[in-house]
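A.B. asks: Protein chains in written order, with the numbering used here: chain A, 12 to 378; chain B, 346 to 955.
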């Protein structure tokens with residue numbers, strides 16, 4: 012019922028506005044066009060300056076209530092550069108915004124139609140036109156220089172000691188892969204994908220029909236869909252893939268982003284500054300998580316395509332890594348030496364090598 | 346009408362056999378023999394075609410606007426149920442909740458329709474058709490027949506798009522940019538099934554329409570200017586529409602080629618855009634060797650010029666209206682033309698700034714940063730020139746003038762955020778967030794609409810021989826202007842926080858859910874602003890038939906040629922000979938005279954511009 016009442020009220024409001032509008036037209040005809048034009052001109056001139064004043068107060072008020080909700084300190088070392096650049100650009104554009112908007116509304120108010128107001132016939136003025144061409148050009152050049160210096164840092168090679176993690180997007184989730192103890196990502200092929208036990212299509216065995224040769228380095232790769240573990244203070248390089256459509260690895264807290272394109276691997280690197288636990292404290296939010304948001308529309312589940320990053324200390328990372336089993340053994344438990352009841356010395360030594368490799372970091376390389 | 350025919354009809358006038366009713370002599374086009382169909386439907390009169398574009402544009406603006414209200418409802422109240430939605434939308438709003446399928450379809454259709462049907466066809470289609478022959482002094486377009494075809498191709502594009510909304514699997518739902526593989530694979534999204542085929546057909550028809558229109562506009566401006574109308578005497582509206590048409594003619598074919606490859610990938614098993622794809626529940630696809638990025642290059646090679654196709658006509662209209670109502674020549678005419686030219690050239694050299702995070706070569710990206718930020722220079726020149734046009738003028742706040750001032754304000758606000766986004770290092774963080782939504786809605790959407798409103802309020806008396814109601818115009822302007830800022834300003838903050846665009850629901854995201862209140866606020870304002878547009882609609886249709894009659898040949902005191910035609914110009918525009926032009930279009934306040942029309946010969950003791 013309330014819907015009908017609302018509709019009735021809205022229609023009533025409209026009818027009232029129309030009646031006022033019509034009446035004002037008749038009045039203006041009675042008064043004479045000139046006189047009524049002067050009157051509306053005055054009202055609109057006043058509204059111009061009122062809009063400017065209230066608008067600027069609104070800008071301040073909006074900033075006042077929303078500034079706490081935008082991101083705090085960058086959680087990556089590189090992100091600090093983004094924040095700094097954002098600050099500089101905001102100041103520069105803010106000054107231009109203020110000057111031009113104030114002039115726009117001030118001129119509108121000041122030069123509203125008045126009797127005996129002399130119009131200045133001013134078709135052009137070369138000097139001033141050159142001045143306001145050159146100044147923006149210089150300011151923008153400065154911004155371009157700052158921007159490109161950062162751009163080449165962000166998109167340049169990752170530092171040598173980077174940890175490498177592969178992240179693959181699919182409808183609608185993320186798959187993370189670590190190179191395992193040999194520090195080498197094994198080969199994969201999309202036709203080899205088996206949703207039940209080989210989500211990336213790693214080439215574990217020869218496949219004559221697909222003309223594939225088994226890649227031994229694929230056998231120790233660690234694959235998980237739970238969360239990506241990375242180490243505080245150590246640069247991490249992501250190798251980004253997609254299994255189906257275009258996705259995007261969006262890392263708001265690290266100020267980084269890169270598309271995941273099927274068939275074309277992309278990369279991104281950054282250095283996390285705070286562990287997840289530290290961020291919980293910093294933000295005062297016990298539920299804080301480093302979330303990976305998919306930032307490129309990828310289908311109807313796009314909005315739910317969330318990934319998680321756990322930034323941990325080196326010790327925590329080593330402990331986590333020691334618990335991870337190669338994906339190959341998850342797919343073929345019978346091949347897993349640790350599942351054999353009798354623990355022999357060989358498998359013990361493999362396990363210790365594996366944990367050493369994890370502790371020393373996995374400088375992986377893409378094949 | 347071709348040039349020869351015009352020469353012929355001019356000759357007849359000169360020989361004294363011209364008659365008011367016989368101004369158009371060729372091929373049975375007698376003024377008083379026009380049937381309903383040839384006058385209102387398959388019309389070849391540029392003014393009628395302009396009105397057809399305008400009306401179709403308005404209808405799509407209402408549809409597209411309503412869609413935005415619907416998806417804003419979902420964003421503001423993701424948990425609430427609105428049973429009335431189920432009544433109207435059926436399975437697309439099961440239980441009163443808009444489904445994700447419906448949400449993405451609404452977002453996609455809203456974008457496509459507003460960009461192409463409203464702000465391209467509705468804006469430049471309307472005003473290029475209406476103003477070019479009237480302001481350059483021609484009886485009609487170079488080819489009235491192609492002009493008519495242009496509208497009917499647009500109409501069929503619109504019809505196909507309308508049909509796509511009603512197919513069972515829904516309209517296309519992969520975003521207006523239609524990136525493959527999502528748009529290429531029906532198995533990846535139900536919207537990419539029949540809905541996408543219809544979307545592509547519709548867009549292909551639309552490209553044909555805008556090419557036919559664009560060629561006509563260029564030919565008319567270059568060849569059919571009246572005696573004395575040199576290029577430097579053209580009003581800025583015509584210059585803007587000229588560059589718009591050139592942009593369209595050079596870039597739309599590239600879009601069409603991109604779409605054709607997409608049609609091949611979808612239906613004929615080619616792999617232009619597809620490689621290494623495994624779709625859940627379907628398995629590995631046979632395609633290998635294609636590049637999904639190729640599509641993005643082809644798309645944005647139109648897609649970026651497209652935003653200038655939208656904004657240039659608005660700039661031209663605003664320059665013209667601002668000068669008329671400031672009673673002062675537009676400042677820096679040649680700089681205005683030069684900056685339009687610079688924008689048109691640069692428009693072709695910046696497309697990859699939409700692709701900074703697509704894995705583009707960073708070295709290549711750096712060129713696009715430089716060229717993109719370069720566009721800010723001609724844009725800044727235009728803003729300063731508009732400000733100086735107002736300075737020491739004698740401003741009349743007609744509704745059209747208010748909209749043109751609003752346009753400049755919006756263009757400044759949206760243009761400045763472009764400086765953030767064009768700088769690739771910042772774009773990494775802001776890409777595909779609400780910051781970009783705020784940016785392009787302000788600088789292209791709202792500013793483009795304001796340009797359109799400026800044009801409608803200003804030329805309505807010429808179109809329909811009646812005036813719009815001013816009071817409704819003022820209310821419409823102030824609600825829309827304030828509302829647009831209230832809607833889009835807070836979105837910048839959401840974007841700075843990294844909130845991604847095209848999300849159906851944010852409530853499960855620890856990083857983004859703090860903007861719940863802001864989203865509700867934006868939705869409420871958006872609904873009010875939409876309601877205010879109904880005021881405009883009523884004003885428009887009511888005034889068309891019942892508005893105050895325009896009795897003056899030149900109600901705004903303007904200098905340009907369209908105000909030398911009869912109050913309601915007939916097919917052919919001028920009853921007698923086409924007037925000759927002696928001066929530029931901006932003699933306002935010269936030598937103490939309020940305005941001097943272009944048709945007034947230059948006195949012996951007068952100085953001139955151009």
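Beta carbons are placed, not taken as given, at the ideal position from N, Cα and C, and that holds for glycine.
With a threshold of 9 Å between beta-carbons, can residue 75 of chain A be considered close to chain B, or not?
C.D. replies: Taking Cβ atoms only, chain B never reaches closer than 9 Å to residue 75 of chain A, which makes this a no.
A.B. asks: Considering only their Cβ atoms, is the gap separating residue 610 of chain B from residue 535 of chain B smaller than 9 Å?
C.D. replies: Contact: no.
A.B. asks: In whole angstroms, what is the alpha-carbon distance linking residue 218 of chain A and residue 90 of chain A?
C.D. replies: Distance between the alpha carbons of residue 218 of chain A and residue 90 of chain A is about 45 Å.
A.B. asks: Quick one: residues in its chain with C-beta nearer than 7 Å to the C-beta of residue 694 of chain B, no 5 flanking neighbours on either side, listed in chain order?
C.D. replies: So the list reads 716, once near-sequence residues are dropped.
A.B. asks: Scan the stretch 133 to 166 of chain A for residues whose Cβ lies nearer than 7 Å to a Cβ of chain B and list them as they occur along the chain.
C.D. replies: Result list: 133, 134, 135, 140, 143, 144, 147, 148, 151, 154, 155, 158, 159, 161, 162, 163, 165, 166.
A.B. asks: So which residues of chain A does residue 859 of chain B contact, with C-beta pairs closer than 7 Å?
C.D. replies: Near residue 859 of chain B (Cβ distances below 7 Å), the residues of chain A are 80.
A.B. asks: Name the residue from B/418, B/793, B/812 whose alpha carbon lies nearest to the alpha carbon of residue 659 of chain B.
C.D. replies: Measuring from the Cα of residue 659 of chain B, the nearest candidate turns out to be B/793.
A.B. asks: Taking only beta-carbon atoms, is residue 446 of chain B less than 9 Å away from chain A?
C.D. replies: Closer than 9 Å to some Cβ of chain A, the Cβ of residue 446 of chain B qualifies, so yes.
A.B. asks: Answer with yes or no whether the minimum CB distance from residue 850 of chain B to chain A is below 9 Å.
C.D. replies: Chain A, which has a Cβ nearer than 9 Å to the Cβ of residue 850 of chain B, makes this yes.
A.B. asks: Can you tell me where the alpha helix (DSSP H) with residue 506 of chain B in it begins and where it stops?
C.D. replies: It spans 489 to 510 - the alpha helix (DSSP H) in which residue 506 of chain B sits, taken as one unbroken run.
A.B. asks: If you draw a straight line from the C-alpha of residue 188 of chain A to the C-alpha of residue 616 of chain B, how long is it?
C.D. replies: Each residue's alpha carbon lies about 28 Å from the other.
A.B. asks: Measuring only between beta-carbons, confirm whether residue 869 of chain B sits less than 9 Å from chain A.
C.D. replies: Chain A, which has no Cβ nearer than 9 Å to the Cβ of residue 869 of chain B, makes this no.
A.B. asks: Helix, strand or coil for residue 284 of chain A per DSSP?
C.D. replies: Looking at residue 284 of chain A - three-state DSSP - the assignment turns out to be coil, as it is neither helix nor strand.
A.B. asks: Do the stretch 759 to 777 of chain B and the stretch 718 to 725 of chain B touch if we need at least three Cβ pairs shorter than 8 Å?
C.D. replies: A contact exists between the stretch 759 to 777 of chain B and the stretch 718 to 725 of chain B.
A.B. asks: Going straight from the alpha carbon of residue 311 of chain A to that of residue 530 of chain B, what length do you get?
C.D. replies: Distance between the alpha carbons of residue 311 of chain A and residue 530 of chain B: 13 Å.
A.B. asks: Counting only Cβ pairs nearer than 9 Å, list the residues of chain A close to residue 816 of chain B.
C.D. replies: Here the neighbours are 28, 31, 32, 33, 34, 35, 36, 39, 51.
A.B. asks: Out of B/749, B/564, B/517, state which residue places its alpha-carbon closest to the alpha-carbon of residue 542 of chain B.
C.D. replies: Of the listed residues, the one whose Cα sits closest to residue 542 of chain B is B/517.
A.B. asks: Grab the span of the beta strand (DSSP E) containing residue 174 of chain A for me, first residue to last.
C.D. replies: Looking at the DSSP string, the run of the beta strand (DSSP E) that includes residue 174 of chain A is 174 to 181.
A.B. asks: Under 9 Å between beta-carbons, which chain B residues line up against residue 269 of chain A? List them in chain order, please.
C.D. replies: Correct list: 702, 703, 704, 773.
A.B. asks: May I have a chain-ordered list of the beta strand (DSSP E) segments no shorter than 3 residues that lie completely inside the stretch 75 to 114 of chain A?
C.D. replies: Here no run is fully enclosed.
A.B. asks: Indicate the three-state DSSP secondary structure (helix, strand or coil) for residue 357 of chain A in the structure shown.
C.D. replies: With a pLDDT of 45 at residue 357 of chain A, under the threshold of 50, the modelled position of this residue cannot be trusted; read the value that follows with caution. Reduced to three states, the DSSP call for residue 357 of chain A is helix.
A.B. asks: Along chain B, in chain order, which residues have C-beta atoms closer than 8 Å to that of residue 67 of chain A?
C.D. replies: Ordered by position in chain B, no residue passes the 8 Å Cβ test against residue 67 of chain A, which lies about 11 Å from the chain.
A.B. asks: If you reduce the DSSP assignment to three classes, tell me which class residue 185 of chain A lands in.
C.D. replies: Residue 185 of chain A falls in the strand class under three-state DSSP.
A.B. asks: Are the beta-carbon atoms of residue 306 of chain A and residue 242 of chain A separated by less than 9 Å?
C.D. replies: Not closer than 9 Å, so no.
A.B. asks: So for residue 305 of chain A, helix, strand or coil by DSSP?
C.D. replies: The answer is strand: DSSP assigns residue 305 of chain A an E or B state.
A.B. asks: Contact check, residue 838 of chain B vs residue 66 of chain A under 8 Å by CB: the rounded distance?
C.D. replies: Not really, about 16 Å apart at Cβ, beyond 8 Å.
A.B. asks: At a Cβ threshold of 9 Å, is residue 457 of chain B touching chain A?
C.D. replies: It does not: the Cβ of residue 457 of chain B has no partner Cβ on chain A nearer than 9 Å.
A.B. asks: How long is the line joining the alpha carbons of residue 890 of chain B and residue 491 of chain B, rounded to whole angstroms?
C.D. replies: Answer to the nearest angstrom: the Cα atoms are 30 Å apart.
A.B. asks: Is the number of C-beta pairs between the stretch 567 to 574 of chain B and the stretch 475 to 491 of chain B that are closer than 8 Å three or more?
C.D. replies: Taking 8 Å as the limit for Cβ pairs, the verdict is that the stretch 475 to 491 of chain B does touch the stretch 567 to 574 of chain B.
A.B. asks: Quick check on residue 412 of chain B: does DSSP put it in helix, strand or coil?
C.D. replies: It is helical.
A.B. asks: Applying the 10 Å Cβ sphere with the 16-neighbour rule, what's the burial state of residue 164 of chain A?
C.D. replies: Exposed, by the Cβ-count rule.
A.B. asks: Mark residue 650 of chain B as exposed unless 16 or more other C-beta atoms lie within 10 angstroms of its C-beta, in which case mark it buried.
C.D. replies: Buried.
A.B. asks: Using three-state DSSP, classify residue 205 of chain A as helix, strand or coil.
C.D. replies: Reduced to three states, the DSSP call for residue 205 of chain A is strand.
A.B. asks: Taking 9 Å as the cut-off, decide whether the C-beta atoms of residue 269 of chain A and residue 773 of chain B are in contact.
C.D. replies: Taking 9 Å as the Cβ cut-off, residue 269 of chain A and residue 773 of chain B qualify as a contacting pair.
A.B. asks: Of all the options B/732, B/739, B/636, B/647, which has the alpha carbon lying nearest to the alpha carbon of residue 703 of chain B?
C.D. replies: Measuring from the Cα of residue 703 of chain B, the nearest candidate turns out to be B/636.
A.B. asks: Find the residues of chain B that neighbour residue 55 of chain A, judging by a C-beta separation of less than 8 Å, and give them in chain order.
C.D. replies: 742, 747, 819, listed in chain order.
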